[in-house]
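S.K.:
Chains as they are written, first to last, in this note's numbering: chain B, 1 to 222; chain E, 1001 to 1227.
#1: Once DSSP output is grouped into helix, strand and coil, what is the label at residue 108 of chain B?
#2: Rounded to whole angstroms, how far is the Cβ of residue 1180 of chain E from the Cβ of residue 1204 of chain E, which I believe are closer than 8 Å?
#3: Is there at least one Cβ from chain B nearer than 7 Å to residue 1167 of chain E's Cβ?
#4: Going along the segment 1023 to 1036 of chain E in order, which residues come within less than 9 Å of chain B, judged by CB to CB distance?
#5: What separation, rounded to the nearest whole angstrom, lies between the Cα atoms of residue 1120 of chain E and residue 1128 of chain E?
#6: Return the residues of the segment 1122 to 1154 of chain E that lie within a Cβ-Cβ distance of less than 9 Å from chain B, sorted by chain order.
#7: On a Cα-Cα basis, can you pick out the residue from B/7, B/3, B/63 that is closest to residue 189 of chain B?
#8: Taking its Cβ as the centre, do 16 or more other Cβ atoms sit within 10 Å of residue 265 of chain B, making it buried, or is it exposed?
#9: Confirm, please, whether the CB-CB distance from residue 147 of chain B to residue 168 of chain B is below 7 Å.
#10: In the structure shown, what three-state DSSP assignment does residue 1011 of chain E receive?
#11: What's the C-alpha gap between residue 1041 of chain E and residue 1135 of chain E?
#12: Would a C-beta distance cut-off of 7 Å place residue 112 of chain B and residue 151 of chain B closer than the cut-off?
#13: Looking at the structure shown, is residue 1025 of chain E part of a helix, part of a strand, or coil, going by DSSP?
#14: In the DSSP assignment, find the alpha helix (DSSP H) that holds residue 1084 of chain E and state where it starts and stops.
#15: Within the continuous alpha helix (DSSP H) that includes residue 1160 of chain E, where are the two ends?
#16: Could you check which residue in B/88, B/77, B/176, B/87 has the C-alpha nearest to that of residue 198 of chain B?
#17: Could you tell me whether any Cβ in chain E is nearer than 7 Å to the Cβ of residue 182 of chain B?
#18: If the cut is a Cβ gap below 7 Å, which residues of chain E does residue 218 of chain B touch?
#19: Here's the rule I'm using: 16 or more other beta-carbon atoms within 10 Å means buried, otherwise exposed. How should residue 1137 of chain E be labelled?
#20: CA-CA distance, residue 1183 of chain E and residue 1063 of chain E?
#21: What do you reckon, are the CB atoms on residue 1108 of chain E and residue 1177 of chain E nearer than 7 Å?
#22: Can you find a CB in chain B that lies within less than 7 Å of the CB of residue 1075 of chain E?
#23: Quick check on DSSP: helix, strand or coil for residue 1056 of chain E?
#24: Do residue 1157 of chain E and residue 1020 of chain E count as a contact pair if the criterion is CB distance below 7 Å?
#25: Tell me whether residue 98 of chain B is buried or exposed, calling it buried when 16 or more other Cβ atoms sit within 10 Å of its Cβ.
#26: Rounded to whole angstroms, what's the CA-CA distance from residue 1053 of chain E to residue 1122 of chain E? Just pull it up for me.
#27: In three-state DSSP terms, what is residue 90 of chain B?
#28: Looking at C-beta atoms only, is the number of pairs between the segment 18 to 33 of chain B and the segment 170 to 185 of chain B that lie closer than 8 Å three or more?
#29: Could you list the residues in the segment 133 to 161 of chain B with a C-beta less than 8 Å from some C-beta on chain E, going in chain order?
#30: For a quick check, are the C-beta atoms of residue 1167 of chain E and residue 72 of chain B less than 7 Å apart?
#31: Counting only beta-carbon separations shorter than 7 Å, does residue 1170 of chain E have a partner in chain B?
#32: Pull up the distance between the alpha-carbon of residue 1148 of chain E and that of residue 1038 of chain E, whole angstroms please.
#33: Under three-state DSSP, which class holds residue 150 of chain B?
#34: Going by C-alpha to C-alpha distance, which of E/1144, E/1006, E/1031, E/1014 sits closest to residue 1206 of chain E?
#35: Going straight from the alpha carbon of residue 105 of chain B to that of residue 141 of chain B, what length do you get?
#36: According to the neighbour-count rule (16 or more other Cβ atoms, all chains shown, within 10 Å of its Cβ), is residue 101 of chain B buried or exposed?
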């Protein structure tokens, strides 16, 4: 028992690596601040293209969305980070991570927006248009606000997944929380830094996971 | 050499394809095996936990909720690294594929439990009362009346979650599980050519595009309708 405590919950080591992990946390938050807005914007673009009346555009977007949902994010990231340099395109780790996340998360967010927009009846569009709003105004002021409310649990839940996903950036040596913790682990020969990282993730994400459960119940009873 | 030829030579070199496709195929086999094992154990454990939770035993339910919340909040890669590198120093040494299979099963079980539990709680009280009044016991009602409906309701939300979690088999590369990505990156660093990486990516696409398309179909097929 004592041995397990020493190996996983060593407070001395946790205090010692605390500053390193806090820097990692700051980098994780910075990464989230980049990739979540990018994904939300990209997803909206995907949903709008799906609404477009051109069949060709629709098929193209569906094919791309399915392609990027089929490729595991880590595969996408490694392909961009270590494959593209062979073609002479050398991206910084931050740019590679952002590009991989953009392709992956836009596809997921796009599907969620689409489900939300489809949940709004045709009558809403027609009523809004008949009051004199044009197509874009109808979309922006009538359809999207209701659509987003209907799929809010899915949007929050996907955002939690994106935050969790930022941990894969450690694989390409991006110095975020997990990377810092893993480096501290190999320096101290002790797993407590990784436990500390796990605790930090839990502190941030557990309230959101609870919120999702609550939102899901609220939408279900709506 | 034209740019097009140079592109082919970098990403689709025939000799490289010939040399490395067997190891990528080997990786495909490992990926499929682990993914299938994760789906079976993860869903079974999730279903079991949801059923146990229906008995509303206070201590049991607290433990289930904590387990579910932790594995929904924790990035799987954190759990993988923690178990793979942590356990050996307390004398427990697990093969890397067991760690990958175990962690992904627990993650899937956590999400599945939550979804099945939502299905169980959404079954109207009248159904419980009607079933009990026909002489079925609590367990029989749960098993024969409530669970079948909860499973059916859970299929659309579970489909996407299950696909996302099976794709996480790629995380195994970090601890050296010989799945597709691992084979591809190893071959790439041996050969100094991007062809194996492209082969790996294509293998994933070939493997998962049909699954994603099937998921799309299942989602609409089972959506929102309730008998």
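Glycine included, every Cβ here is placed at the ideal spot set by N, Cα and C.
M.R.: Judging by the given coordinates:
#1: helix
#2: 6 Å
#3: Chain B, which has a Cβ nearer than 7 Å to the Cβ of residue 1167 of chain E, makes this yes.
#4: none
#5: 10 Å
#6: 1122
#7: The shortest Cα separation from residue 189 of chain B among B/7, B/3, B/63 belongs to B/7.
#8: The requested residue 265 of chain B does not occur in the structure, where chain B is confined to residues 1 to 222.
#9: no
#10: helix
#11: Whole-angstrom Cα-Cα distance: 33 Å.
#12: yes
#13: helix
#14: 1076 to 1086
#15: It spans 1147 to 1167 - the alpha helix (DSSP H) in which residue 1160 of chain E sits, taken as one unbroken run.
#16: B/176
#17: Closer than 7 Å to some Cβ of chain E, the Cβ of residue 182 of chain B qualifies, so yes.
#18: None at all; the shortest Cβ gap to chain E is about 13 Å.
#19: exposed
#20: When the Cα atoms are used, residue 1183 of chain E and residue 1063 of chain E turn out to be separated by approximately 39 Å.
#21: no
#22: yes
#23: Three-state DSSP puts residue 1056 of chain E in coil, outside helix and strand.
#24: no
#25: buried
#26: 14 Å
#27: coil
#28: yes
#29: 160, 161
#30: In this structure, residue 72 of chain B lies closer than 7 Å to residue 1167 of chain E by Cβ.
#31: yes
#32: 22 Å
#33: helix
#34: E/1031
#35: 25 Å
#36: buried
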